[in-house]
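Notes follow once the structure below has been shown.
Residue numbers (our numbering): 313 to 612.
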């Protein structure tokens, strides 16, 4: 009897021990399963991050490639200048008392052989318009005893040429009074030059306009000239803009004129045909610029 009791107790102890081992095994298996699941989850998260990074790299690469293509396309477009008419090439010959020089910085200089005068005029070409397109206009101004400069623009755009234009002032320190003329989209550059250069006594805008507050900031006389047939100028904004200009701003409207005729070139994109010739329009501009300069000098 005693033996049976002992054996029974031993079986109970053994069963308890086996139960404890089974529980431990189950716990270890569960922990192992959890660890595997956590590892898998971490791997999935890592793969998601890597996919996102890869997608981002692809997008950035596409943006860079598209930017490069756009930049190259823009540069090619800027180098396709407008064709000049027959008068531009003819006007590039020194004649009728006006000498034409090509300076070291590739700027063109037009001077009166008998009287250079003490005022320098810088004509900033419109985008994609060649220097020689302003030769006839420059000659006419030079005959009024002014030294006229037409800079060679970087990539045929005034936007990239501000420092190049400013170099003209440094190379010709003997000239103490300057007029800056901006045609079409070069008007903004003309404004910045006029605002920063103390020797500039006035600014002229041909078929161009700038924000009224900006004109007030330069605190210098300004002349705005436009043609009634201008197809590039936004007249609704232009007429509103004229209402808020400073007192030192002068205006001249050329009846029948357009934007292209300020130079000797083919019709600019979006411009309308003019009812008057290039010569007639440019003669009016020369007359108005001369009056503008005389008015400034009379106030000094």
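Just so you know, even glycine gets a beta-carbon here, dropped at the ideal spot from N, CA and C.
Alpha-carbon spacing of residue i relative to residue j, whole angstroms
{"i": "residue 322", "j": "residue 350", "result": "With a pLDDT of 48 at residue 322, under the threshold of 50, the predicted position of this residue should be treated as unreliable, and no value is reported."}
{"i": "residue 476", "j": "residue 429", "result": "23 Å"}
{"i": "residue 442", "j": "residue 457", "result": "24 Å"}
{"i": "residue 573", "j": "residue 416", "result": "29 Å"}
{"i": "residue 576", "j": "residue 368", "result": "50 Å"}
{"i": "residue 404", "j": "residue 609", "result": "30 Å"}
{"i": "residue 362", "j": "residue 355", "result": "10 Å"}
{"i": "residue 488", "j": "residue 382", "result": "42 Å"}
{"i": "residue 318", "j": "residue 357", "result": "Here the model assigns residue 318 a pLDDT of 49, short of 50, so the residue's position is not dependable, and the following value carries that caveat. Spanning the two alpha carbons is a distance of roughly 58 Å."}
{"i": "residue 286", "j": "residue 581", "result": "Only positions 313 to 612 of the chain appear in this structure, which leaves residue 286 out of reach."}
{"i": "residue 392", "j": "residue 527", "result": "32 Å"}
{"i": "residue 324", "j": "residue 352", "result": "Caution applies to residue 324, whose pLDDT of 48 falls short of 50 and renders its modelled position unreliable; the value that the coordinates give is listed next. Approximately 42 Å between the Cα atoms of the pair."}
{"i": "residue 484", "j": "residue 374", "result": "47 Å"}
{"i": "residue 376", "j": "residue 532", "result": "43 Å"}
{"i": "residue 379", "j": "residue 372", "result": "10 Å"}
{"i": "residue 500", "j": "residue 370", "result": "38 Å"}
{"i": "residue 461", "j": "residue 554", "result": "29 Å"}
{"i": "residue 438", "j": "residue 466", "result": "12 Å"}
{"i": "residue 425", "j": "residue 595", "result": "21 Å"}
{"i": "residue 365", "j": "residue 472", "result": "36 Å"}
{"i": "residue 446", "j": "residue 607", "result": "24 Å"}
{"i": "residue 397", "j": "residue 459", "result": "24 Å"}
{"i": "residue 586", "j": "residue 522", "result": "23 Å"}
{"i": "residue 552", "j": "residue 406", "result": "43 Å"}
{"i": "residue 530", "j": "residue 360", "result": "57 Å"}
{"i": "residue 611", "j": "residue 512", "result": "15 Å"}
{"i": "residue 486", "j": "residue 470", "result": "25 Å"}
{"i": "residue 550", "j": "residue 591", "result": "25 Å"}
{"i": "residue 427", "j": "residue 414", "result": "19 Å"}
{"i": "residue 478", "j": "residue 510", "result": "12 Å"}
{"i": "residue 502", "j": "residue 474", "result": "9 Å"}
With 16 other Cβ atoms within 10 Å as the buried cut-off, status of residue i
{"i": "residue 520", "result": "buried"}
{"i": "residue 440", "result": "buried"}
{"i": "residue 497", "result": "buried"}
{"i": "residue 448", "result": "buried"}
{"i": "residue 480", "result": "buried"}
{"i": "residue 605", "result": "buried"}
{"i": "residue 468", "result": "buried"}
{"i": "residue 385", "result": "exposed"}
{"i": "residue 589", "result": "exposed"}
{"i": "residue 548", "result": "exposed"}
{"i": "residue 563", "result": "exposed"}
{"i": "residue 518", "result": "buried"}
{"i": "residue 603", "result": "exposed"}
Whole-number beta carbon distance between residue j and residue i, since they are thought to touch under 8 Å
{"i": "residue 516", "j": "residue 537", "result": "7 Å"}
{"i": "residue 399", "j": "residue 578", "result": "Going by Cβ atoms, the distance from residue 399 to residue 578 rounds to 12 Å, so no, they are not a contact pair."}
{"i": "residue 464", "j": "residue 401", "result": "Between residue 401 and residue 464 the Cβ distance is about 17 Å, and since that is not below 8 Å, they are no contact."}
{"i": "residue 514", "j": "residue 593", "result": "That belief does not hold up - the Cβ atoms of residue 514 and residue 593 are roughly 21 Å apart, past 8 Å."}
{"i": "residue 546", "j": "residue 583", "result": "Between residue 583 and residue 546 the Cβ distance is about 13 Å, and since that is not below 8 Å, they are no contact."}
{"i": "residue 601", "j": "residue 535", "result": "7 Å"}
Chain C within 8 Å of residue i, Cβ atoms only
{"i": "residue 446", "result": "Of the protein chains in the structure, only one exists, and it is not chain C."}
Contact between the stretch 432 to 439 and the stretch 556 to 565: three or more CB pairs below 8 Å? no
So, do the stretch 446 to 455 and the stretch 396 to 411 have three or more beta carbon pairs nearer to each other than 8 Å? yes
May I ask you to verify whether the stretch 504 to 519 touches the stretch 476 to 496, counting CB pairs closer than 8 Å and requiring at least 3? yes
So, do the stretch 416 to 426 and the stretch 566 to 574 have three or more beta carbon pairs nearer to each other than 8 Å? no
As an exercise, report each continuous alpha helix (DSSP H) stretch of at least 4 residues that is fully enclosed by the stretch 342 to 428, in chain order. 398 to 403
Threshold first: 3 residues or longer. Then list the beta strand (DSSP E) segments lying entirely within the stretch 548 to 586, N to C. 561 to 566
Contained beta strand (DSSP E) runs [length at least 3] in the stretch 462 to 512, N- to C-terminal order: 489 to 495
Which ranges would you report for the beta strand (DSSP E) in the stretch 513 to 549 if only whole runs of at least 3 residues count? 534 to 539
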